[in-house]
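Residue numbers (my numbering): 6 to 828.
Backbone N, C-alpha and C define an ideal beta-carbon position, used for all residues, glycine too.
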């Protein structure tokens, strides 16, 4: 009983693969993904040893030590670096069942927890089917097989026979026809091998199958549809092309890109991605029936020429319900899936060069040299702060509600799968557009381990992947397709409303974030963006999603953060306005390094390489944006220019003084202005009349007064009088209510037809055209001179009529003809 109690002290649980083979191990799929230990006793346990062993011995025994586990405490081990036996996995010819045994012993060597889990050990040539990482099929595309040069050599002969260069120059000519000719030559060379067709196992696409290597196919002269497709794809990849393998119900065939492109995912289950790219006259890729390269009476396609094989391959898409997936081999390579070795010696030779820990010789290669291009480089302080910059900074918001200081992920922010901020800024600056896509399908619940990839290769799988996708004009996010659609819709809508209502863009690509703390004792980290690239997103019908592109506006440093660091933390960072540039655009690495150096002594602070698409603004953002981006327009005003410059030149002062002489005042308004020269529809006192006349003469002034003194009424009279004088007026107010009051007063005096509403969330093309039509329908008002001329003519006509009536009256009394009377 005591032994049983000790054994049950530690609960052992683990996440293990249901099956493993050499190809899966070679592509960083661990046999054991994680191990969790939990102390279920009431006492602390010290000096524990975890042992993982295997029966049969298909992997090296694994050990790990745990210093202490308190009651109820859990300890997780991830990743678990299990070293599989390459010799054993290569030696398997059939599937067998193995066991993973996990034991935890205390300091006395007593077992205090254990777990046994079974695992299927598959032969190296076993593919598990599309239900378990279909992209692993790319491991069976082996461009380095020693038999492939023989095929390519024969293909070169066919190219020369067709009157072309025999070199395998892939996409160098940028000619799709050249790519097609290379595909056809390789196809014909394989067909000449006279490989017999054999049936694939029923349901191979779901259940998987054993796959013959290129050497076995050429030796036995036998191959089924999947094997021939992989054989053809291996030769295409060896020739520098980008092959595809298509899986449909009960069948497999091949394809190839005509341009150096790739899909966004390793495995795509949407048949339309192929249908849209094989349209006649606009082909981006070709599909090829691989069994047309076979011979044999049981093969209905055997002996077809290349064009017929292409026609048959395209015909397979006529039944989309049978389509399972297309696997992009090049995309799989960028995702870290390598070709499996042809034999054990090949693998061991390769392993010696990439895994120094297991090297038989024990030699260790020197590490790569550091990149020292930014060492010692920072941006020095810039010029003295101008008055305009002081105004800008006074408008900044230093509260934690401001996303420019305290960034939080919400519906208005979207993280992008990018790790090279400089590259995306360069590409956007050059006018390149990017498609925004959801998380790659192979990353959702993936069995592969990025940490194992990094340990094996010394690099980041996500970085390699994001760089390759960026070159192909695609950016992935960490959201699933449905979540991404909702997020992008929110971002686009809010950005559009902000642009329409405030006239300012608030949609930016945030490059790099500063992780900072409010005080030295704060535990909660805050994030603040460092650089903001103005962008826009548009919905693309052709690409079925959203497109990200630059607004061709200047990249901005987070001025709010700069001023906050200066005022609250005493960290002054100068020289960032304007931002430093390199040969492509903004020197992003140098800017980020400058921030790193500035916060070097701050505990816990650091620059994080995050990239987010989001909305960034604050309460006074619109005013700040106008000051920052429209300074030249503001300086066009003599008054504003004098405020910015801290004074007015003497010449301008003299001109202003001269223009003010003889102005309208309360004392001389009656003698200076005639009532007929003004149009004042609403009542106004003498002080208001002075303001109306002064405005009509184009003078600048400030009109102020307490509430209820008739400021809105005076503005209405100003606008009406300006219209009467033939002028146009732009009326601007901070709040919509002020605009509405004046507009209603103008409507009350019949001038609403002349009011064009430009600043409103209801303004659109239809309403603007309607307002213009209403203005055109207003009758033309004649000048006073025209009215006087009309009145004169009417007076003359009235006099003539009176004479005629008098003559008629006399004729009736004294006789005579009517004609004589009228004459």
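Where residue 642 is concerned, there is no enclosing alpha helix (DSSP H), because DSSP gives it neither an H nor an E. DSSP places residue 338 inside the alpha helix (DSSP H), whose first and last residues are 334-339.
Between residue 60 and residue 103, the C-beta spacing is below 8 Å. Note that the C-beta distance between residue 248 and residue 334 is below 8 Å. In this structure, residue 555 lies away from residue 427, with their beta-carbon atoms at least 8 Å apart. Of the residues 71, 229, 700 and 546, the one whose Cα lies closest to the Cα of residue 218 is 229.
Residue state for residue 165 is assigned as helix, using DSSP reduced to three classes. Per DSSP, reduced to three states, the secondary structure at residue 717 is helical. Segment contact: the stretch 715-731 against the stretch 680-696, three or more CB-CB distances shorter than 8 Å; contact assigned.
Taking the CA atoms as reference points, residue 224 sits about 39 Å from residue 58. In this structure the stretch 497-509 does not touch the stretch 518-532; the number of beta carbon pairs closer than 8 Å is below three. By the Cβ-count criterion, residue 448 is buried, with 16 or more other Cβ atoms from all chains shown falling within 10 Å of its own Cβ. Residue 192 and residue 263 have their C-alpha atoms spaced approximately 15 Å apart.
Residue 629 counts as buried, since at least 16 other C-beta atoms from the protein chains shown sit within 10 angstroms of its C-beta. About 13 Å separates the beta carbon of residue 336 from that of residue 261, a gap too long to meet the 8 Å contact definition. Short of 6 Å from the beta carbon of residue 56, and not among the five residues preceding or following it, lie these beta carbons of its own chain, in chain order: 68 and 108. Across the structure, residue 602 and residue 289 are spaced so that their CA atoms are roughly 48 Å apart.
Where residue 312 is concerned, the enclosing alpha helix (DSSP H) starts and stops at 311-320. Distance check between residue 569 and each of 407, 171, 287 and 174 places 407 closest, using alpha-carbon atoms only.
Rounded to the nearest angstrom, the gap between the Cα atoms of residue 471 and residue 143 is 20 Å.
Per DSSP, residue 384 is not a residue of any beta strand (DSSP E), being assigned neither H nor E. In the structure shown, residue 262 falls within a strand segment according to DSSP collapsed to helix, strand and coil. Every alpha helix (DSSP H) of 4 residues or more that sits fully in the stretch 67-110 is shown, in chain order, as 91-96. Here the alpha carbons of residue 742 and residue 625 stand approximately 18 Å from one another. Beta-bridge pairing by DSSP links residue 521 to 531. Between residue 761 and residue 547, the alpha-carbon positions lie close to 37 Å from each other. Unbroken alpha helix (DSSP H) runs of no fewer than 4 residues, entirely contained in the stretch 669-697, are found at 674-677, following chain order. Per the coordinates, the alpha-carbon of residue 235 lies some 18 Å from the alpha-carbon of residue 328. The bridge partners DSSP lists for residue 132 are 214. Ranked by how close their Cα comes to the Cα of residue 338, the residues 420, 317, 181 and 239 have 239 in first place. Its Cα nearest to that of residue 17, the residue 78 stands out among 112, 35, 78 and 813.
Counting along the chain, residue 411 sits inside no alpha helix (DSSP H), nor does DSSP assign it H or E at all.
Between the stretch 169-189 and the stretch 201-217, the count of C-beta pairs closer than 8 Å stays below three; the two stretches do not touch. Under DSSP, residue 201 forms a beta bridge with 227 and 300.
Under a 10 Å Cβ-count criterion, residue 96 is classified as exposed, with fewer than 16 other Cβ atoms of the shown protein chains found around its own Cβ. Scanning its chain for C-beta atoms nearer than 7 Å, with the 5 sequence neighbours on each side dropped, one finds around residue 243 the residues 148, 153 and 157, in chain order.
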